[in-house]
Every structure is written in structure tokens, then in C-alpha cells.
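What follows is a short report on a single structure.
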Amino acid sequence: MDMTEKTVKKNYVYQGKIISVRCDDAMLPDGNPCKREIVEHSGGACVLYVQDGAVLLVKQYRYAYGELLYEIPAGKLEKGEDPCFAALRELEEEAGIKAEKAELLFVDYPSPGYTNEKIYIYEAKNGVKTAQNLDEGEFLTAEFVPLERAKQMLKTGEIKDGKTVIALLSYFARESV
Numbered sequence: 010m011d012m013t014e015k016t017v018k019k020n021y022v023y024q025g026k027i028i029s030v031r032c033d034d035a036m037l038p039d040g041n042p043c044k045r046e047i048v049e050h051s052g053g054a055c056v057l058y059v060q061d062g063a064v065l066l067v068k069q070y071r072y073a074y075g076e077l078l079y080e081i082p083a084g085k086l087e088k089g090e091d092p093c094f095a096a097l098r099e100l101e102e103e104a105g106i107k108a109e110k111a112e113l114l115f116v117d118y119p120s121p122g123y124t125n126e127k128i129y130i131y132e133a134k135n136g137v138k139t140a141q142n143l144d145e146g147e148f149l150t151a152e153f154v155p156l157e158r159a160k161q162m163l164k165t166g167e168i169k170d171g172k173t174v175i176a177l178l179s180y181f182a183r184e185s186v
């Protein structure tokens, strides 16, 4: 059975620097018309970095939630940018650690009901210390958190960011095998 919904017309409601919002006319598999609200986003890349029994986390205020959140280094993809390059760039910019390569762990679809955003989750190793180089208007701290403390932070819900939860659970699952 074909469950594909067909786009009849894309109707842009808002086009910004980070997102665009559409309210599309679409057609259901049974031929009935429907509306689909979509947030377009260029996607993001993030990187898990573990060194000497500790995971690198950044702490940043997130306006949409009104909270300080713990996250792995991450950033928005520029149009056509290689996600691996972006993840390594963010590691150096946010934490001052330069790694030569990273391995893709997952591609996360954070909210498939309304956005086309994809988040590429990488793991990097063997970095060297450089200088933190934050973007203009970016305020965060980077710190190494012992792995046992990170486990506790997951259990208590102190780490709430989805990409970070996925990366850490993957790491701990692989380490326990």
C-alpha cells in the first residue's frame, strides 16, 4: 500500500535566517486534500568527545526553553556544508579542541511531524587543545564531566537535550558490551 502524501503546493508563511515556515496544500494517500505545517531547517551537526574518562559538555542558555542546558558541541549546517566538517568545526569553536576526523553515529530526525531538520551525530577522538573561538553573540562554557557523573545526569534528567541523550546512551551502550 502506498502511504505517500503528495505536495500540491508549498505556501511559505515566513522565511528567516534559521528557519522557514510553510503551510502546504497536500494530498493524502486516499486522494483527500489536507494541510501540512512544516518548519524547514538546514540541519545541524554535533560531536561527542570523550577523553580520559570524561565527556565534553557545553552549558548554554537556550531562549526557547528559558533554561541553561547541557549539550555536546553542536551547530547549524550552512547550505551545502559537509556535516562532519561542521561537527569538527563546532568542537574547535565551542571547546577549543581540534580533531582530525569523526565517525558518524546517527542521523537524528528530532521532530518528524513538523520539521525536515536532520541532526548528524558524530564521535571524535584524539583531539589537541587549541583556543575557543565562539561566534558573535554566542555565550557558553565548555567542561569535561566525568562519565559516571554524566550517567547520573542522564538518570536524573539534568541532561535534557535530545542529541546529547542519544550520543551518551549510544556511548554507554557500546562501552558496556
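Using my numbering, read the sequence shown as starting at 10 and increasing by one per residue.
Where a beta carbon is used, it is the ideal one built from N, C-alpha and C, also for glycine.
For THR150, there is no enclosing alpha helix (DSSP H); the residue is part of the beta strand (DSSP E) that begins and ends at 149-155. Straight across, the Cα-Cα distance linking VAL48 with VAL30 is about 5 Å.
Within the stretch 110-171, the runs of beta strand (DSSP E) that reach at least 3 residues and sit entirely inside it are, in chain order, 111-117, 128-133, 149-155.
Taking the Cα of MET10 as reference, the smallest distance to any Cα among LYS26, ASP39, GLY25 is reached at ASP39. When rounded, the separation of the alpha-carbon atoms in GLY105 and VAL137 is 8 Å. Annotation for ILE27: no residue places its beta carbon closer than 6 Å to its own, counting only its chain and skipping 5 residues before and after. Between the beta-carbon of ALA96 and that of TYR131 there is about 4 Å, and that keeps the pair under the 8 Å contact cut. Counting only residues of its own chain and dropping the five nearest sequence neighbours on each side, GLU80 has a CB closer than 6 Å to the CB of VAL67, ASP170, THR173.
Just so you know, the alpha carbons of LEU65 and ALA176 end up roughly 12 Å apart. A distance below 8 Å between beta-carbons, with the five flanking residues on each side excluded, links TYR58 to the following residues of its chain, in chain order: VAL64, LEU65, ILE81, PRO82, LEU100, ALA104, ILE106, ALA108, GLU132, ALA133, LYS134, GLY136. Between SER51 and LYS85, the gap from beta carbon to beta carbon is short of 8 Å. The three-state secondary structure of THR173, taken from DSSP, is helix.
An exposed status is given to MET12, since fewer than 16 other beta-carbon atoms sit within 10 Å of its beta-carbon. When DSSP states are grouped into helix, strand and coil, LEU78 belongs to the strand group.
ALA108 carries a coil assignment under DSSP once its states are collapsed to helix, strand and coil.
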